[in-house]
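Here the protein sequences line up with chains A and B, keeping their order. Going by this note's numbering, the first residue of the first sequence is number 1, and it counts up by one from there. Going by this note's numbering, the first residue of the second sequence is number 1001, and it counts up by one from there.
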Amino acid sequence: MEEIQVNLRLEDRLAIVDLSGDMTSLAEKKLLAAYDKAVAQKTKCLVFNFSRVNYINSAGMSVMITILTRAQNHGVNLRAFGLSPHFQKIFDMVGLLKYIPHFAVEAEARASCA
Amino acid sequence: MTLRAKFVTMGLLEIVLTIAIIGAVIYHESRKEIESLARDLLRARTEFAYTLCERYDELYHQPTPELKDEIRRVRIATDGYIAVIQNEPVEKKGMLVIHPASEGKNINIPEFPHIQDIIQKVDASGPQDGYSGYKDFEQGTEARGRQGEQKIGYYTYYKPWGWILLSTAYEDDIFHHAETVKERTIIAAVFVGILGIFFVTMSIRKMFGPLQQLTELTHRVAEGDLDATIVVESKDEIGTLARSFNFMLRSLKQNLRITQEFEIARRMQAEMLPKTAPQIAGVEIESLSLPATEVGGDFYDFLPFHGSRFGVVIGDVSGKGVSGAMVMTGALSAIRFAAEERQTANEILERSNRRLVNDIQVNMFVAVFCGIFDLEKNVLYYSNAGQTIPLLYRDGEVSFLPQSENGDRFPLGIRQQVNFEQMQIALQPGDLLVFYTDGIVDMMDGTVEPFGFERLQASIKKHAQVSLKELPRRLIADAETYTGGREHSDDLTLMAVRVEKLASPVGSKLDVVAPIVERNETPGEVRLSLPSYIGYERMAMDAAAAMAKMMGFSASRVEDLRTAVSETCINAIEHGNKLNAANRVDVVVRSEAEILTVQVFDNGAGFVNVLHTVPRLDEKIHGNGNPRGWGLFLIEKLVDQVEFKTMPELGHVTTLTMRL
C-alpha cells in the first residue's frame, strides 16, 4: 500500500493538485488540507492530477465526494486528468464525471478552467 | 329442566305475579271506594227519611200512613230499606214502626245487640239529632230470607216522634260491583297471562333458536363436518357466541390442515428413515430416534457398498417442523445419491453439500457425520460436517473419535466449496461406537448444566456390556434420570455399532492414519487468509486479478474484478469482522472451466448490508448525506453475479462470479 502524496501548485485563481499513491480513506486529511489551502488563495478552479494514482477504492471516491460537496458550496470548479480508463468508468458509474470533468492531459484541463 | 323451560317458567311467574298484585290493589281500592259511596248513600237515605218526617210533622203533626208508605218504598241497593224503631214512649221502646217484614215487633231484645246499642246511644246522648254514625250488624231475622248475611246501616233519631230512622243494606248488594271488578280483573289476568305465555314462548324461541342451531352444529362438527357454519343475524350475546363459533371452526380447519401437513411430513420422514438396521456379519447395529416434536430434524441412514463395506450416516437439520423435515429428506436423498457415485466419506459429504447449498434456504444447514466401515481392512473411514463427535468404547475406556485438523468442519449447505478430510481408525473386536446427535448431550436438568459429554461417556461405560438392542434406551434413560423426566426439547437420535469379529488381524491401539490424499481439490484454486486490517484487501485483489489474467479475461474486466474483490474484502473487514484483529477474512479464488469465482468469508457477527439500494450522488452532495456507501453498488455493477449469504453464528460469505 502506497500512502497518497499530495502536491499543490497554486497559480492565479487556479490550482493543480498532483496526486501519487493510493486513493483510500487515508487520503482524506491531506486532500482536504490542500483544498482548504487553495480556497484560501482565492482559487476558483481546482485540477486533480490522477496520472500517478494506481488504486482508488470506494472510500477514496468518498473523499472526492466530500471535496465536491465543499467546492459546490464555495463556487469552486473541479477538473481532473490522468485517470485510467477503469477509474474513469468507476467515476462515471458513481456520477462524479458530471461534476468533475475529465481531460486527457493537464493542458486541456487548464484550458477548460478559463 | 332445560334452560328454555326455566326461562318460560320465570317469565310466566313474573307475569302472573304482576297481574295478581295489580288485581289485588285494584280490587281493594274499588271496594274501599264502593264502601265509602255506600256509606254516603245510607246516610243520604236516612237524611231523606228524616226530612220526610219533618215535612209530615209540619203538615200533619203526626206520622201518616202516606209517610210510612213513602218510607217503605225506599230501596237501598237491591234489598236494602229504611226501618223505623220506636224509642219513646218507654213502653213502646224497641217496637218496629216501619219494616218490610216485622212491623210491630219489638227488637229491643238481646238477640239484636246492635239495636240495643243504637237505643242505648240515643238515650245516653239525650235530645241530640242522632247523627252519631253507623253500625254494622248481623240481621238475626228471616227478613227476605237472607239470614246471616252481613249488613251495614246508618241511623238518626227523629226526636219529636221518638223515631230511630235506620237505613240498612246487604254488604253483598253493595259490594256486588266490587266483586264484578274482581271477576273482570281475574278474566283480564287470565287473558293477559295467555298472551304473556304466547309472547314469552315466541321470544324465547327466537332467542334460543341460534342456541339450538349451535347445538346441532356442534353435533355436525363432532361427526367431522368442518364445513358447517351458522348464519347469525342477531347482535346480542348469543349472536357473538355464534360468530365466535364460526371463527373457532375456521381456526380449527386451519389447524387441522397444519396437522395434516405435519402428518404428511412425519410419514414422509418415517418412510425415508431405515426401518431396521442391516444385518452384517461381524458387526451388530442398533439405532433409535425420538423426535421432540411430531416431525423432527434428526436423521440416520445406512449406506450399502460393494463387498465388505457399509456406511452409517447420522445428521441433524437446523430446524424442525415441516421445513426441517423437507430439508432432512433433501439431505438424505443427496447423501444417498452421492454414496452411489463416491466411495469416500469426504467425497460423499462434499458432493451432498454441492447439491444442498443451492437447494436449501439461507440460514438452514445440515450437520452430518458419515462413516464407512471396511470389515475386510478392519477400518472405519469417516468425515464430519459439523456433527457431534462419535464416541468409541474400547478396553473399558470411552473416547472421542479423532477429528480432522486440516479439513473443513462446516455443516452442509453453508459454503459453496468445502473440503472435508477423511479420517480413519483401525477397528478391534469388542469396539463399541456410539453415534449421536446433540439432543442427548443438550438435555437440561432445569439448571444451566446439560447432560453433557462426560455424563454420556460415563453412561456408555456403565452400559457397554448390555445387549446392543438395549443400549440406546439405557443411555436415554440415564439422560432422562438426570433431567428429572423433563420433556426433551430436541430430537434424540442414537446409533450404536459393536464390532464382533474381524476378518483380518488388527493393531492393538487406536491408530490415526494420515488423511487420505483424495481431496477434491480443483486445480485452479487459490486460498488466502487475511487479517482484518484495511490494506490487506489488496492481496486478495491481486490474487483474483492474477487468476483472471491466467484465465484470459480482458484487461478491463480484470480491473473490474480488482475493484469488486477489493470492495468485498473491505466490507468483510469493516462490517463483517468489525476490524477485529481476532477475526480473519478467508478468500477462495477458483477457476472452473470458464467461470471464475471469488468467495470472501468473514467470521464476525457484524452486520453486512445486503440491501440493493442505489446511492445517489446528488443526494450525497446536496442532502449532506454520508459520502460513503458505494462499495456494494460498485460490486454489483462490476461482476456478473454476486451472492450474499449469512451463516448463523459463523459469519457471512459473499460469492462473486465472472464468466469468460
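Beta carbons: idealized from backbone N, C-alpha and C, even for Gly.
Under the three-state reduction of DSSP, which class applies to L1214/B: helix, strand or coil? helix
Quick one: what's got a C-beta closer than 6 Å to A1049/B's C-beta in the same chain, skipping five residues either side? I1071, I1082, L1165
Answer with yes or no whether the minimum CB distance from M23/A to chain B is below 7 Å. no
Taking DSSP as the reference, what is the three-state secondary structure of I1085/B? strand
is_contact[I1516/B, chain A] using C-beta, thresh 7 Å: Caution is warranted here: a pLDDT of 31 is assigned to I1516/B, below 50, making its placement in the model unreliable, and no coordinate value can be reported.
How long is the line joining the alpha carbons of A1464/B and T1344/B, rounded to whole angstroms? 29 Å
Can you have a look at M1364/B and say buried or exposed, based on whether 16 or more other CB atoms are within 10 angstroms of its CB? buried
Three-way DSSP call (helix, strand, coil) for A1005/B in this model: helix
For chain B, find out if any of its Cβ atoms is closer than 7 Å to the Cβ of N57/A; answer yes or no. yes
Which residues does DSSP pair with A1292/B in a beta bridge? Its beta-bridge partners do not exist; DSSP assigns none.
If you reduce the DSSP assignment to three classes, tell me which class E1421/B lands in. coil
Return the first residue and the last residue of the beta strand (DSSP E) that Q1641/B is part of. 1641-1647
For K954/B, decide whether its Cβ has a neighbour in chain A, counting only Cβ atoms nearer than 7 Å. There is simply no residue 954/B to check, as chain B begins at 1001 and stops at 1660 in what is shown.
How many Å lie between F1410/B and P1291/B at the Cα? 24 Å
Cβ neighbours of L1660/B in the same chain (closer than 7 Å, five flanking residues each side left out): M1551, G1552, F1553, E1594
Quick one: does E1567/B have its CB under 7 Å from some CB of chain A? yes
Does any CB atom of chain B fall closer than 7 Å to the CB of S20/A? no
Could you name the residues of the same chain whose beta carbon sits closer than 6 Å to that of T24/A, not counting the 5 residues immediately before and after it, in chain order? N57, A59, G60
Go through its chain and collect everything with a Cβ distance to V1357/B's Cβ below 8 Å, but skip five positions before and after it. L1412, G1413, I1414, R1415, Q1416
Just reading off the beta strand (DSSP E) that M23/A is part of, what are its end residues? 14-23
Apart from the five residues just before and just after K1461/B, which ones in its own chain have a Cβ nearer than 8 Å to its Cβ? Y1393, G1396, E1397, V1398
Limits of the unbroken beta strand (DSSP E) element including E1636/B: Per DSSP, E1636/B belongs to no beta strand (DSSP E); it is in the alpha helix (DSSP H), 1631-1638.
For A1334/B and E1340/B, what's the separation of their Cα atoms in angstroms? 10 Å
Outcome for R1527/B when other beta-carbon atoms lying within 10 angstroms are tallied against a minimum of 16: exposed
Nearest to R1486/B by CA position, among L1494/B, T1447/B, R1473/B, R1498/B, is which residue? T1447/B
Please confirm whether V1588/B and L1656/B have their CB atoms less than 7 Å apart. no
Same chain, Cβ closer than 7 Å to S1459/B, neighbours up to 5 away in sequence not counted: L1475, D1478
Secondary structure of K89/A, DSSP reduced to three states: helix
Name the residue from T1156/B, K1469/B, G1196/B, R1031/B whose alpha carbon lies nearest to the alpha carbon of E1047/B. T1156/B
Straight-line CA distance for P1127/B to G1193/B? Residue confidence for P1127/B is low, a pLDDT of 40 falling below 50, so the modelled location carries little weight; the figure read from the coordinates is stated next. In a straight line, the C-alpha of P1127/B is about 60 Å away from that of G1193/B.
Within the 7 Å Cβ cut-off, does S51/A reach chain B? no
For A1101/B, is the classification buried or exposed, using 16 other Cβ atoms within 10 angstroms of its Cβ as the cut-off for buried? exposed
Using 10 angstroms around the beta-carbon of F1400/B, count the other beta-carbons present and answer buried if the total reaches 16, otherwise exposed. exposed
Against chain B, does Q72/A count as a neighbour if the rule is that its beta carbon must be under 7 Å from one of theirs? yes
In angstroms, rounded to a whole number, what distance separates the CA positions of Y55/A and R1557/B? 15 Å
Can you look up S62/A in the DSSP assignment and give me helix, strand or coil? helix
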